[in-house]
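Novice: If you scroll down you'll find the structure; I have some questions about it.
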Amino acid sequence: MKRRLEYVTRSGSGVIIKMNKEQMKADLEAGSKDAAQKGHIPELTADELDCVLDIMVEPTKIVGIERGKEIVLSRDGGVIKYTGCTRYAGVPLSKEQGVIVGERILSLDTMELGHADYSFKPCKPIAFDEAHHMENAQMLSVIPVLYGAMPNLGTYYQSLGGRWPTPTELLKEGKIEESREVQERAAEDLIKDIVYIARIMNQSGADGLNMDTSAAAGDAEFYACLNAIERVKKETNLAVEIGMAGEMILGMHCELEYQGKRLAGLWPHEQGRLIEKAGASIFGPVVNTRTTKSFPWNLGRALAFIKAVSKAVQIPIHVNMGMGVCSIPMTEIPPVDAVTRAAKAMITIADVDGI
Amino acid sequence: MSLQLDVLNRLSNSVIEGNSEAARRAATDALKTNLDPLEAIENGLAKGLREVGGRFERGEMFLMQLIMSGEAMKAGLQVLKPEILKQKKQLTGSGTVLIGTVEGDIHDIGKSIVNAMLTAEGFDVIDLGVDVPDQVFVEKTKEIKPHILGLSALMTTTRTKQKDVIEALKRSELRDVAKVMVGGATITPEWAEEIGADAYGEDAVDAARKAKGLIKG
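Okay, structure coming up:
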């Protein structure tokens, strides 16, 4: 029997596997169908599936994009990924040096400054120190430099040293209404803190504010982000970029709405519409990688979701592509064969503006 | 509609609606109408939570509703379980799950969702919270003797503690007391196998499914 040609690809967990074309196509299609069912969006077309398949089976380890289709590479995480020692590079750099490295050595299109703790709440006590670094970074660089942090609503709860009782603890006691109330109060605190940081960064010349891993704590956090975007746009000159934490908004509260739309259960294209209404400048959607499925399956799924986002919003889309998101396998160092294929597919099929 | 069929529908609907009081009343009426308590659970309460689980998986119901349904399930079981024991019958598919987020990790939401699904499936869930030292997992496993020990870790930097807990259980000769299930955003099937876990829960629904499988053996 003639053996079908097999191609090297990955599992969602990053393990190298081999699949033939038919298997890859079947997985791409199945992933796309899964997204279509969950998000009530169109599947990838037959032509699109064939196009992605061609990208997947390109013989080189790294694949690239055609001239003229280059996109923007925006940066989140500040300089933590250079200086952090736990699972990052561990290179000792000041924040200003990190910005220059990003601009002049790594050719990034934007850079970001952020607190090592990288959440909005711990930024408050050191906001003016951060502003000083931002002023220096602005004078040393040409590329846009944003200030970034995670909304991280959890830092407002007592389990993490905040002032409000932890909602999940209240839920365990059956205190449903009390749990909702503390989420609403914590959300109001978060909005105030985001706007506070934004005002200070605006004064120090920052080009924008980035909210990273938004809605990680569910619909109350997303509510806070949307309202914070509105206020930041009204009260400052900052661009606002918002990157999500997951593909669906968790219903921790269930009854919070924004402009008449319930936030629990929203998929990326629905999130994007509200984010655009709130006034954000850039949207960074996320689709979670399934480690028990193949990279082709995850890519088919991510492409269907992100394509729907492109159709739904007019603001630039900078899709989040890193460990475990938008089809990238769940490995600490994302494998370059998967990253470049997924990136090319996102540009070609999902029409993203940046990564 | 017969009285018993009406009660079964009320049991099921009370769980779907997350109404603990309605579940308690329906369970009481189940006993009054001489409905077999096991049937009341399987074709009443459990039927409702299977519907809830399906809706949660499809994104039609959310965590808060899942938790309320779990509480309603518990309320109904509280009424029915004593009768099952009295009749010397056995409730199948349930067991005790001891669960916690490993030391150094403070993430809670995923674990809460898993807890809700396990409770909804009839498990008794004992949550040790977050940032739980290895030794606490060991001591509580020895004390409670759960059917399943669940270890949650979100980050690559903390998932190594899952391995440490399993090793600590082996050193204390407690490894065979409970089946160990691991989960979390950065956890993979390969990781679970590498560290000697018995199961990997990809998400809350999968965790509950796998837990039922571990109990059945």
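Protein chains in written order, with the numbering used here: chain F, 1 to 355; chain U, 356 to 572.
A virtual CB, placed ideally from N, CA and C, is assigned to each residue, including glycine.
1. Per the DSSP calculation, F:V72 is bridged to which residue(s)?
2. Let me know the alpha helix (DSSP H) ranges lying completely inside the region 148–195 of chain F, each 4 residues or longer, listed in chain order.
3. Terminal residues of the continuous beta strand (DSSP E) containing U:T456?
4. Tell me, to the nearest whole angstrom, how far the beta carbon of U:F478 is from that of U:A566; I am working on the premise that it is less than 8 Å.
5. Ends of the alpha helix (DSSP H) at U:R526?
6. Are the region 256–263 of chain F and the region 289–301 of chain F touching by the rule of at least three beta carbon pairs closer than 8 Å?
7. Is the shortest distance between the beta-carbon of U:F417 and the beta-carbons of chain F less than 7 Å?
8. Flag this pair as touching only if the region 368–378 of chain U and the region 334–347 of chain F have three or more C-beta atom pairs under 8 Å; answer yes or no.
9. Along the chain, which unbroken stretches of the alpha helix (DSSP H) at least 4 residues long are found entirely within the region 95–130 of chain F?
10. Which stretch, first to last residue, makes up the alpha helix (DSSP H) that contains U:D486?
11. Leaving out the 5 sequence neighbours to the left and right, which residues in its chain are closer than 7 Å to F:Y223 when beta-carbon positions are compared?
12. Mind listing the chain U neighbours of F:A217? Cutoff is C-beta to C-beta under 7 Å, in chain order.
13. Does F:C51 get closer than 7 Å to chain U when you measure Cβ to Cβ?
14. Could you check how far apart the C-beta atoms of F:G208 and F:A239 are, in whole angstroms? I think they sit under 8 Å.
15. In terms of residue numbering, what span does the beta strand (DSSP E) encompassing F:T213 cover?
16. Can you find the residues in the same chain that come closer than 6 Å, C-beta to C-beta, to U:D489, ignoring five residues on each side of it along the sequence?
17. For the beta strand (DSSP E) that F:S327 lies in, which residues bound it at each end?
18. If you run the structure through DSSP and keep just helix, strand and coil, what is F:V8?
19. Against chain U, with Cβ distances strictly below 7 Å, would F:T250 count as a contact?
20. Starting from F:Y88, follow the beta strand (DSSP E) in both directions and report where the run begins and ends.
21. Got a sec: which bits of the region 232–266 of chain F sit with their beta carbon under 7 Å from any beta carbon on chain U, in order along the chain?
22. Looking at chain C, is there any beta carbon in it that lies within less than 7 Å of the beta carbon of F:T60?
23. Taking the beta strand (DSSP E) that U:A554 falls in, what are its first and last residues?
24. Compare the beta carbon distance of U:A401 and U:V434 with 7 Å and say whether it is the shorter of the two.
25. Can you tell me whether DSSP reads U:N389 as helix, strand or coil?
26. Whole angstroms is fine: what's the gap from U:E397's alpha carbon to U:L366's?
27. The alpha helix (DSSP H) with F:M56 in it runs from where to where?
28. Just checking: is the beta-carbon of F:G272 within a distance shorter than 7 Å of some beta-carbon in chain U?
29. In its own chain, which residues sit with a C-beta less than 8 Å from the C-beta of F:I242, not counting the 5 before and 5 after it?
30. Less than 7 Å separating the beta-carbons of U:M536 and U:I503?
31. Please confirm whether F:W267 and F:M252 have their CB atoms less than 7 Å apart.
32. Drop a sphere of 10 angstroms on the beta-carbon of F:T60, count the other beta-carbons inside from all chains shown, and report buried for 16 or more, exposed for fewer.
33. Run through chain U and tell me which residues come within less than 9 Å of F:R199, C-beta to C-beta.
34. Hey, how far is the Cα of U:N368 from the Cα of U:G403?
35. If I'm right that F:R4 touches F:E22 with Cβ under 8 Å, what's the distance once you round it to whole angstroms?
36. In three-state terms, what does DSSP make of F:E66?
Specialist: From the atom records:
1. DSSP links F:V72 through a beta bridge to F:G354.
2. Within the region 148–195 of chain F, complete alpha helix (DSSP H) segments of at least 4 residues are found at 167–172, given in chain order.
3. Counted as a single uninterrupted DSSP element, the beta strand (DSSP E) harbouring U:T456 occupies residues 451–456.
4. The beta carbons of U:F478 and U:A566 sit about 6 Å from each other, so the pair counts as a contact at 8 Å.
5. First-last of the alpha helix (DSSP H) with U:R526: 515–526.
6. A contact is defined here as three or more CB-CB pairs under 8 Å, and the region 256–263 of chain F fails this definition with respect to the region 289–301 of chain F.
7. It does; some Cβ of chain F falls within 7 Å.
8. Short answer: they don't touch.
9. Segments of the alpha helix (DSSP H) lying fully in the region 95–130 of chain F: 95–100, 120–123.
10. Here U:D486 belongs to no alpha helix (DSSP H), and DSSP marks it neither H nor E.
11. If you ignore the 5 residues before and after F:Y223, its C-beta comes within less than 7 Å of the C-beta of A187, L256, Y258, L263, all in its own chain and listed in chain order.
12. By Cβ distance, chain U contributes I464.
13. No, no contact with chain U.
14. Taking the Cβ atoms as the reference, F:G208 lies roughly 4 Å from F:A239, within the contact range of under 8 Å.
15. Counting along the chain, F:T213 sits inside the beta strand (DSSP E) bounded by residues 208–214.
16. Here U:D489 has D519, V520, A523 as same chain residues with Cβ atoms under 6 Å from its own Cβ, once five neighbours each way along the sequence are excluded.
17. Where F:S327 is concerned, there is no enclosing beta strand (DSSP E), given that its DSSP letter is neither H nor E.
18. Three-state result, F:V8: strand.
19. One detail in the question is off: residue 250 of chain F reads as Leu in this sequence, not Thr. With 7 Å as the cut-off, F:L250 counts as an interface residue toward chain U.
20. Note, F:Y88: premise wrong, no beta strand (DSSP E); not H, not E.
21. Under the 7 Å Cβ criterion, the region 232–266 of chain F contributes M248, L250, G251, M252, H253, C254, A264, G265.
22. Structure shown: chain C not included; protein chains present are F and U.
23. Counting along the chain, the beta strand (DSSP E) containing U:A554 begins and ends at 554–556.
24. In this structure, U:V434 does not lie closer than 7 Å to U:A401 by Cβ.
25. It is coil, neither helix nor strand.
26. Each residue's alpha carbon lies about 10 Å from the other.
27. First-last of the alpha helix (DSSP H) with F:M56: 46–56.
28. Interface criterion not met: the Cβ of F:G272 is under 7 Å from no Cβ in chain U.
29. So the list reads N210, M211, S214, C225, I229, I275, A280, I282, F283, G284, once near-sequence residues are dropped.
30. A contact, by the Cβ cut-off of 7 Å.
31. Contact flag unset, no.
32. F:T60 is classed as exposed because its beta carbon has fewer than 16 other beta carbons within 10 Å across all chains shown.
33. Those within 9 Å of F:R199 in chain U number zero; the least Cβ separation is about 29 Å.
34. About 6 Å.
35. A Cβ-Cβ distance of about 7 Å is found for the pair F:R4 and F:E22, placing them in contact under the 8 Å criterion.
36. DSSP places F:E66 outside both helix and strand once states are collapsed to three, so it counts as coil.
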